[in-house]
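Protein chains in written order, with my numbering: chain A, -2 to 203; chain B, 35 to 368.
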Amino acid sequence: MICLFIDTSSKDLIVYLTKDNNVLFEKNISSINDHSSYLVPTIKEAFDSSKIDIKNLDKIIVSIGPGSFTGTRVGITVAKILAFALKIDVIPISSLEQYIYSLDGYDYYVPIIEDKNDKIYYSIYDKDKKLIVNDTYSTKNNLYDVLEKYVGNIVIISDSPYYTYETCKKKIDILNLLSHVQNRKGVSPHSLKPNYIKKIEVESKL
Amino acid sequence: MEDVYILAIESSCDETSVSIVKNGKEEINTVILSQIDIHKKFGGVVPEIASRSHVENITIVIEECLNGSNMKIEDMSAIAVTYGPGLAGALLIGVEAAKTLAFIYNKPLIAVHHIAGHIYANNLNYKLKFPLISLVISGGHTELIYMKKDYSFEKIGGTLDDSVGEAYDKVARVIDVPYPGGPVIDKYSKKGKNVYKLPLPMDDGSYNFSFSGIKSAVINLVHNEKQRGNEINKYDLACSFQSIVIDILTKKTMKAVKEYKVKQLLLAGGVSASIGIREKFAELCEKENIELLVPELIYCTDNAAMIAAAAYYMYKDKKFADFDLKIKPTDDLK
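Here you go:
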């Protein structure tokens, strides 16, 4: 099975190409605000360097946010077109969830994405990596209040420090991630869209 | 040369459109999904909402266009897309979709300038004869373009501030006409009289335009009339405003037509759908013995057929783009 993973929801552009249990290609480019210039060339490079015909692709896993609205749309548009044209499954994954598969042995996993003005996106997974708190937009203090309810080994997955909590840097373990998500039911390319969570100004005024 | 089929995508503002055109002239099928109903409640196009709508509809519109054409992407000679000018987040969706299709099917990618598309909308109905002048008037543009031959553009003038379309929308708001105001003002104008005095904007002998002043003049006029306790006659105000717009557009355009000794004058862009503007240009062109081309109404506003039509001439010159193509939200036509 040949899988393509795409994440453009943050300032990093992340692409993996895997075949069965092997990573054929991986690239992480800090292409801040210019994912559009790099994404299709990087995907082409992935297939060319692995000598695989794009028509043999079986599945696409794409990060649907939360994160940068524009950035996420770049990856989602490419994933939609690939899935539509090649008539294959596309599996959406949260840009928070993608980071929990690089760690093991904790009771709670709390991936975090920092937004502006001390606001964050977070979610909480239990020791079996089952989602117990959905992707949420809030303040850090609000998260601390929530975390008080959980007893056990908590790990925060972020590149910044969080109070006295143990933190681990964000990393993607692509093979472990795929083993968890690749058998999920795919969505139709027509219905695939970003998970924005945050409302935009004009909407909240309506 | 064998037949050239181009599939084009247009997403520069609030229309998601996909079209297949044969040899730059013959429309095979066009699908246009307008977001106008979504933006209406905000009184204008909200860029973030436009981008969201494009991403949600892009594959649906492509599929509908293919289904209605009985063709496959494999049958295409190239994939074309509007790369600018327009709203950044909106342009991105079309550009990413076009790049991905070109990559999967190993087709050349053609990056088309939106204004070139508007001009070539005329190519879908008529045969262009050079040299020509095109007046491009829309919600985002007001430009005079001189063309010596196919796909050669020289901008001889343009707006220094608001576009004509913006002026229409703003004046519409002043007289409480719902967005988009252009078509309604055009209709009101027929029923009204040119009685309100408004200044002729930028009447300076250049080929440039300015429409921010006339908008302020209309606001002031309404304000003053209200203070005097006079009711504004919407029809008369629409007529007075449109008369001024037509005066300045025709004055500068006809001057250019004579100076550049052109064979044709082309109107292009959404505002060229205005009956008032079309009629006045028709009258003047007949007097000057200049052939006037005006696109079919459906090709006046944003659509992908015009992008495919323009792309044909780039295809013939093998002007292809790479997959690292960048959008250009502001870019002059060259």
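Ideal Cβ positions, reconstructed from N, Cα and C, are used throughout, including at glycine.
CB contact below 8 Å: residue i versus chain B
i, result
"F66(A)", "yes"
"K77(A)", "yes"
"L83(A)", "yes"
"K167(A)", "no"
"I73(A)", "yes"
"I58(A)", "no"
"I197(A)", "yes"
"K24(A)", "no"
"K41(A)", "yes"
"I(-1)(A)", "no"
"I109(A)", "no"
"I88(A)", "no"
"I51(A)", "yes"
Cβ-Cβ separation, residue j to residue i (assumed contact under 8 Å), whole Å
i, j, result
"S274(B)", "N228(B)", "5 Å"
"C47(B)", "G226(B)", "With a Cβ gap of about 29 Å, C47(B) and G226(B) do not count as contacting."
"I58(A)", "I11(A)", "At roughly 11 Å, the Cβ-Cβ gap does not stay under 8 Å, so I58(A) and I11(A) are not in contact."
"I43(B)", "A131(B)", "6 Å"
"A302(B)", "I144(B)", "No, A302(B) and I144(B) are not in contact; Cβ-Cβ is about 19 Å, not under 8 Å."
"H187(A)", "T193(B)", "With 8 Å as the limit, H187(A) and T193(B) do not qualify as a contact, their Cβ atoms being about 39 Å apart."
"F66(A)", "E97(B)", "Not quite, the Cβ-Cβ distance comes to about 25 Å (not below 8 Å), so this is no contact."
"V87(A)", "V20(A)", "Not a contact, Cβ separation roughly 20 Å."
"L232(B)", "I248(B)", "6 Å"
"S85(B)", "R70(A)", "6 Å"
Simplified DSSP state of residue i, which is helix, strand or coil
i, result
"L158(B)", "helix"
"G119(B)", "With the sequence shown as reference, residue 119(B) is identified as Pro, and Gly is not the correct amino acid for it. Note: P119(B) maps to coil in three-state DSSP."
"P81(B)", "helix"
"G192(B)", "strand"
"S68(B)", "strand"
"D365(B)", "coil"
"S120(A)", "strand"
"V89(B)", "helix"
"P217(B)", "helix"
"N138(A)", "helix"
"H147(B)", "strand"
"V229(B)", "coil"
"Q298(B)", "strand"
"S51(B)", "strand"
"I323(B)", "Contrary to the premise, residue 323(B) reads as Asn rather than Ile in this sequence. Coil, per DSSP."
"I127(B)", "helix"
"I90(A)", "strand"
"L255(B)", "helix"
"L283(B)", "helix"
"D270(B)", "helix"
"S172(B)", "coil"
"N264(B)", "coil"
Residue-chain proximity (residue i, chain A), Cβ-Cβ < 8 Å
i, result
"F187(B)", "no"
"A131(B)", "yes"
"E108(B)", "no"
"T50(B)", "no"
"E44(B)", "no"
"E98(B)", "no"
Residue nearest to residue i in terms of C-alpha spacing, selected from the options
i, options, result
"Y241(B)", "L283(B), L301(B) and H257(B)", "L283(B)"
"I113(B)", "K260(B), V52(B) and E320(B)", "V52(B)"
"L331(B)", "H257(B), A343(B), D270(B) and N159(B)", "N159(B)"
"I110(A)", "Y103(A), D101(A), Y134(A) and D125(A)", "Y134(A)"
"E325(B)", "T335(B), M35(B) and R312(B)", "R312(B)"
"A345(B)", "H148(B), G247(B) and R262(B)", "H148(B)"
"K196(A)", "G64(A), N53(A), D4(A) and I26(A)", "G64(A)"
"E94(A)", "D4(A), I(-1)(A) and D86(A)", "D4(A)"
"M348(B)", "V95(B), E98(B), Y139(B) and Y154(B)", "Y154(B)"
"I107(B)", "V256(B), F137(B) and V79(B)", "F137(B)"
"N258(B)", "D220(B), Y230(B) and L100(B)", "Y230(B)"
"S7(A)", "I61(A), E163(A) and I154(A)", "I61(A)"
"V130(A)", "N138(A), S120(A), K124(A) and P108(A)", "S120(A)"
"D142(A)", "Y159(A), P38(A), K127(A) and I154(A)", "Y159(A)"
"K16(A)", "S176(A), F44(A) and C0(A)", "C0(A)"
"F44(A)", "S34(A), K77(A), F22(A) and D170(A)", "F22(A)"
"Y213(B)", "G120(B), Y202(B) and S111(B)", "Y202(B)"
"V208(B)", "K189(B), K260(B), V146(B) and D237(B)", "K260(B)"
May I ask you to list, following chain order, the residues of the stretch 176 to 191 of chain A that have a beta carbon less than 8 Å from some beta carbon of chain B? Result list: P186, H187, K190 and P191.
What are the residues of the stretch 80 to 95 of chain B that lie near chain C, defined by any Cβ-Cβ distance shorter than 9 Å? Within the model displayed, chain C is absent; protein chains A and B are what it includes.
Using a beta-carbon distance cut-off of less than 7 Å, what residues from the stretch 349 to 364 of chain B approach chain A? F357, D358, K360 and I361
Near-chain B residues of the stretch 28 to 39 of chain A (beta-carbon distance less than 8 Å), N- to C-terminal order: D31, S33, S34, Y35, L36, V37 and P38
Between the stretch 115 to 140 of chain B and chain A, which residues of the former have CB atoms less than 7 Å from a CB of the latter, in chain order? G123, L126, I127, V129, E130, A131, K133, T134, L135, F137 and I138
Quick one, which residues of the stretch 66 to 77 of chain B are near chain A if we go by CB-CB under 8 Å, in chain order? K75 and F76
Residues of the stretch 252 to 265 of chain B with Cβ closer than 9 Å to any Cβ of chain A, in chain order: Taken residue by residue, none of the stretch 252 to 265 of chain B has a beta-carbon sitting less than 9 Å from a beta-carbon on chain A.
Could you please tell me which residues of the stretch 132 to 156 of chain A, in chain order, have their CB closer than 8 Å to any CB of chain B? none
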